[in-house]
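Notes follow the structure.
Protein chains: 2
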Amino acid sequence: MDTSGIFAQFERHITLDEKEKLSIRSVLIPARLKQGEFVETVGKVTSNFIFVNLGCLMTYYTDAEGTDHVIQFAMAGWWTGDLHSFTKEEPSIYSTRALSDSEVFYLPKTDMEALLQKFPKLERYFRILFQNSIVSHQHRLIQNLSVTADQRYENFSKRYPSLEQYVPLKYIASYLGITPEFLSKIRRKRSGH
Amino acid sequence: MDTSGIFAQFERHITLDEKEKLSIRSVLIPARLKQGEFVETVGKVTSNFIFVNLGCLMTYYTDAEGTDHVIQFAMAGWWTGDLHSFTKEEPSIYSTRALSDSEVFYLPKTDMEALLQKFPKLERYFRILFQNSIVSHQHRLIQNLSVTADQRYENFSKRYPSLEQYVPLKYIASYLGITPEFLSKIRRKRSGH
DNA sequence: TGACGGACTTGAACCAGGTTAAGATTTAGT
DNA sequence: ACTAAATCTTAACCTGGTTCAAGTCCGTCA
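Same order as they appear, the protein sequences are chains A and B.
The first sequence maps to residues 8 to 200 in our numbering.
The second sequence maps to residues 8 to 200 in our numbering.
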């Protein structure tokens, strides 16, 4: 499986020589996923950080009533997974699955830790990645607290136009924090009356 | 100003020798804040990352209608600030101010970058810090999407009991994503009818 | 090709939480 | 200590969004 995509991402923030790339490549586990396939399921400890090479994944929480709440989508070039379970080594409370046929690389936690020890520039890479991620999370929080569902949908469409082709509307509704029914109403109003 | 608190935090994840501590100490800017005093204001680029040595700070967003939305509180031992402005060097959209008389250390961005270059273990420290922060942000998002305001208040009180003594209820309401009036209703019901 | 299930829409009744405005209580400044 | 301002509460009314139930429009697989 082609590793140019993942190294392109690394090289947005750090530079890697061939030896380093080789070390990284040697621990990445490539996998192909069918649409709908689960990567992580509730109750098991997540042992991999996940890079999306191709396709689209989503991570969601299922509450006590059985309602799903989408935490994040992940498109090609993004890292994803259940950071809670991965970090604390507690059973996962989220599920991650493919929204389309996808290719991913798994980076097992133990290998990731070894790499971070061996190549401190990777600490830097993930520090920057996580720092940016916090900024996005704060932005989303603020959106949920300060603008109407209608506006959130408009902003979402503008910000992630490519997601609308992969993602069923019901998951977009969930991401926006509303029901599919209400998203339907918003869309009707929006498309002229 | 006493730097033992900040080094105790560093040493939760990494170990530092005296030389390294000296380097860090030499760039930290200590400051005392009066209750209500602003640390960062909307419109200016944030050039400091902030460590709370004593007291309590909060960061909030003021929307188009003039309503404040609390992004985060920060107590003694926590890092805080406007990570958006700090990272992207864009004018701040958030305000940060002291909720009580406080002591903080400012870590200027240029100094922080130099330290990170010089001591890669600091990359590690902040990588871990940010990774944990993402977990908290996701937890809060999920809470906002899946439980009632009533439950959120209960969870908040349990999780941050020490905050209730510093923080006016209207800011707790804002953090929970509700109005002060509605929080009042919740509290009334809660305290025995 | 038909029938099954998943995704999307519609409409009506309903509710969690918002809005407004007024009063009660605490806090802070001089 | 006195006042002004900020915080907190109460109550009546309002609305964005939910719930539930029914119906439509696919894609898919025997």
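Even for Gly, the Cβ is constructed at its ideal location relative to N, Cα and C.
Since this is a predicted model, take the numbers as computed values, not measurements.
Which residues DSSP lists as bridging residue i, in chain order
i      : result
W86/A  : F58/A
P115/A : N55/A
M8/A   : According to DSSP, M8/A bridges with nothing at all.
S47/B  : The residue asked about is misnamed: residue 47/B is Glu in this sequence, not Ser. Paired residue(s): T103/B.
T69/B  : D75/B
G64/B  : For clarity, residue 64/B is Leu in the given sequence; the question names Gly instead. L64/B is bridged to A81/B, A105/B.
P98/B  : V52/B
Nearest-angstrom Cα separation, counted from residue j out to residue i
i      : j      : result
R194/B : Q158/B : 11 angstroms
T87/A  : E44/A  : 15 angstroms
P8/B   : S143/B : It should be pointed out that residue 8/B corresponds to Met in this sequence rather than to Pro. The alpha-carbon atoms of M8/B and S143/B are separated by roughly 30 angstroms.
Q124/A : H20/B  : 13 angstroms
G12/A  : G84/A  : 7 angstroms
F126/B : D108/B : 33 angstroms
I149/B : E27/B  : 39 angstroms
A105/A : V52/A  : 19 angstroms
K62/A  : V34/B  : Correcting the residue type first, residue 62/A is Gly in the shown sequence and not Lys. Rounded to the nearest angstrom, the two C-alpha atoms are 45 angstroms apart.
V59/A  : M82/A  : 6 angstroms
L90/A  : N55/A  : 9 angstroms
S99/B  : L170/A : 29 angstroms
K95/A  : R197/A : 43 angstroms
F80/B  : D70/B  : 18 angstroms
CB contact check: residue i to chain B, cutoff 8 angstroms
i      : result
T94/A  : yes
E44/A  : no
F1/A   : Because chain A is modelled from 8 through 200, residue 1/A falls outside the range shown and cannot be assessed.
E18/A  : no
F133/A : yes
R147/A : yes
N151/A : yes
L90/A  : yes
G12/A  : no
Chain A contact for residue i (CB, 8 angstroms cutoff)
i      : result
P127/B : yes
F137/B : yes
Y68/B  : yes
Q172/B : no
I78/B  : yes
N162/B : no
R141/B : In the sequence as presented, Arg is not what sits at residue 141/B; that position holds Ile. Taking Cβ atoms only, chain A reaches closer than 8 angstroms to I141/B, which makes this a yes.
Residue i - DSSP class collapsed to helix/strand/coil
i      : result
V154/A : coil
Q42/A  : coil
E110/B : strand
H76/A  : strand
Y178/B : helix
I36/B  : strand
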